[in-house]
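Below is one structure, written out as structure tokens; the observations come after it.
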Amino acid sequence: MTTRTRPLFAVLYDAGAVPAGEIGTGLAPLGDIAFLLPEGSAHVEQMRPVIEQLGRTHPLTSDPSADAELIRVIRPDAVLTFSERLIRPAAELAAAVGLPGQSVRTARIFTDKGLQRRVLREAGVDRTRTGVVKVLDDWPATLDEVGLPAIVKPATGWSSQDTYAISSQEEAAEVLEHLTELHAAGSWRPFVIEEFLRGQPSHPFGDYVSVESICTPAGISHFVLTGKTPVVPPFRGTGRVWPSHLPLAQEQEILDLVTRALEAVGSDCGFTHTEVKITPDGPGIIEINGRISAHVNMMAREACGMDLVRVGGLMALGEQPYLPPFDFGGKVHYQYNNIAPVRPGRLEAVHGADTVREMPGITTYRNFVRPGDELPGGSTTLTLDSISGVAESHGAMVRTIEEARAALTFEFRFSDGVHRIGGLELPEH
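Following the numbering used here, the residues of the sequence shown are numbered contiguously, the last one being 489.
Right, here's the structure in full:
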């Protein structure tokens, strides 16, 4: 048997919160990487040339017994993932070989939003009316129980896929028609209907925030509370702001709520990303995710020189790294993402990128979608780009983001031809 000189990380990888290159950068100083890749993933196939430069690769079969045997053969020193859809398999594989990780129970709570609401309600942390549509025939009674307005979303899902707001019987009928089509196509999965939490008016910011936390057996610590820019319909997030625009007392109320929520679900090994709605009656949990937020590792590296992938690797090895609350040096750091249209099509061109890169206050402009890429449309959050910057104040940040959006024009080919859409008009599409 070969003796290792460096730890081996088994990373379950698919589209998620951290791209492959950042995973390699964060983990390579700590050890070697074996990527466990789900079969049939278009994202994995697109990224395979990059992944194979960063470490060995092994196929995940979705057969729990076969995958458990694979992890025993690999004999990793740590198991982790940054992908929402692989949180549960990662917990199961870590448990199979006795390595640190979120418990299988907690991973299930993270990834089953109906179960998550029930656990939080039983712990006295959440009062949101919620029902689960396990089969299509459950729809009428569940909708009556929850009432309108409401949110409909998959019990297990990611990136706002198939998430809808309904405020009338007409809109409810439209969503039911879509669910009926899914059922007829053999694509049925349980859905959650939950009370719509009315946000407190917060323009020019979003009416929700998120809390990024690390959970270890020693306890829970929150390293940053992230302010948000407004969502685009239906519920697609557009950006992050550090520090948030909220008063310190309100931030503390939110942090206390999130601590109680994480204790209720039993989170004790890894990152969590908790979204919280700001309502006139106080903060309310939107949902807890068992991972860091999308783009936050990139933002942490740019704003604070902190590599969260490295921190995650240390936790997966069983260490309890100290991560102090982020210090922004009196500046406002931000990222803004332009979101792909809900209408399916193809990106033909992006104009104005060089202008944005030269703007005062903009530190980086990155394109995530290239000309020629097909865009699936729908309610899923698909980020076209990332505008990163630093400002002296929240007001200056808002102005810079608006100027950058105004400088960008996107060309999309839809079924009726090519359309030029300015960055400021993109949310309407």
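Virtual Cβ for every residue (Gly too), placed ideally from N, Cα, C.
Keep in mind that this is a model prediction, so the values were computed, not measured.
| Item | Value |
| --- | --- |
| Enumerate in chain order the residues of its own chain whose CB-to-CB distance from Y425 is below 8 Å, with the five nearest sequence positions on each side excluded. | A413, V416, R417, D445, S446, I447, S448, A464 |
| Go to K173, then tell me how far its alpha helix (DSSP H) extends in each direction, as first and last residue. | 173 to 182 |
| Nearest-angstrom Cα distance between I238 and P200? | Correcting the residue type first, residue 238 is His in the shown sequence and not Ile. If I take the Cα positions, the gap works out to 15 Å. |
| Would you say A466 lies against chain C (beta-carbon separation less than 8 Å)? | Of the chains in the structure shown, none is chain C; there is only one protein chain. |
| So, do the segment 355 to 372 and the segment 387 to 407 have three or more beta carbon pairs nearer to each other than 8 Å? | yes |
| Any chance you could list the alpha helix (DSSP H) runs of at least 4 consecutive residues sitting entirely within the segment 115 to 143, in chain order? | 124 to 134 |
| P487 and V292 - do their beta-carbons sit closer together than 8 Å? | yes |
| Can you list, in chain order, the residues of its chain whose CB lies under 8 Å from that of H282, leaving out five sequence neighbours each side? | V271, E272, S273, L315, V318, T319, P385 |
| Nearest to T443 by alpha carbon, out of R296, R473, I461? | R296 |
| Do the segment 426 to 433 and the segment 336 to 350 touch if we need at least three Cβ pairs shorter than 8 Å? | no |
| Along the chain, which unbroken stretches of the alpha helix (DSSP H) at least 4 residues long are found entirely within the segment 277 to 344? | 308 to 325 |
| Go through its chain and collect everything with a Cβ distance to L322's Cβ below 8 Å, but skip five positions before and after it. | S273, C275, I280, T332, T334, I348 |
| With a threshold of 8 Å, are at least 3 pairs of Cβ atoms found where one atom belongs to the segment 144 to 152 and the other to the segment 160 to 168? | yes |
| Does DSSP classify D476 as helix, strand or coil? | coil |
| Using alpha carbons as the reference points, say which of A376, Q260, L236, H305 lies closest to V252. | L236 |
| Using CA coordinates, which residue listed in I399, L203, A376, A456 is at the minimum distance from R189? | L203 |
| Give the straight-line distance between the Cα atoms of Q312 and L242, rounded to the nearest whole angstrom. | 42 Å |
| With the cut-off set at 8 Å, would you say L468 and V402 are in Cβ contact? | no |
| Assign A278 to one of two classes, buried (16 or more other C-beta atoms within 10 Å of its C-beta) or exposed (fewer than that). | exposed |
| Quick one: give me the first and last residue of the beta strand (DSSP E) that D97 is part of. | It is Leu, not Asp, that sits at residue 97 in the sequence shown. Its beta strand (DSSP E) spans residues 92 to 98. |
| Can you list, in chain order, the stretches of the beta strand (DSSP E) that have 3 or more residues and sit fully within the segment 339 to 384? | 342 to 349 |
| Rounded to whole angstroms, what's the CA-CA distance from S304 to P420? Just pull it up for me. | 21 Å |
| Name the two residues that bound the continuous alpha helix (DSSP H) containing A467. | 454 to 467 |
| Write down every uninterrupted run of the beta strand (DSSP E) in the segment 217 to 272 whose length is 3 residues or greater and which is fully enclosed by it, in chain order. | 224 to 226, 251 to 255 |
| Between which two residues does the beta strand (DSSP E) carrying E205 extend? | Looking at the DSSP string, E205 is not in any beta strand (DSSP E); the run it does join, the alpha helix (DSSP H), is 199 to 206. |
| What are the boundary residues of the alpha helix (DSSP H) that P214 is part of? | First-last for P214: 210 to 214, but that is the beta strand (DSSP E), not the alpha helix (DSSP H). |
| A210: which of P261, L97, V192 sits nearest, CA to CA? | V192 |
| Answer with buried or exposed for D197, where buried requires no fewer than 16 other C-beta atoms within 10 angstroms of its C-beta. | exposed |
| What residue does the alpha helix (DSSP H) around R403 start on, and which one ends it? | Run containing R403: none; DSSP gives neither H nor E here. |
| Return the CA-CA distance between R1 and R145, expressed in angstroms with no decimal places. | As shown, the chain starts at 61 and ends at 489. That puts residue 1 outside it, with no answer to give. |
| Three-state secondary structure (DSSP) at D445? | strand |
| Is it right to say T121 is buried, meaning 16 or more other beta carbons lie within 10 angstroms of its own, or is it exposed? | exposed |
| Report all residues from its chain with a CB closer than 7 Å to the CB of T298; omit the five preceding and five following residues, and keep chain order. | T289, P290, V291, V292, Y396, N397, I399 |
| Of the choices V157, R64, G174, H454, whose alpha-carbon is the least far from that of K194? | G174 |
| My understanding is that R351 touches F142, with C-beta atoms under 8 Å, so please give their C-beta distance in whole angstroms. | 6 Å |
| Excluding the 5 residues flanking G326 on each side, which residues of the same chain have their C-beta closer than 7 Å to its C-beta? | S163, R165, T166 |
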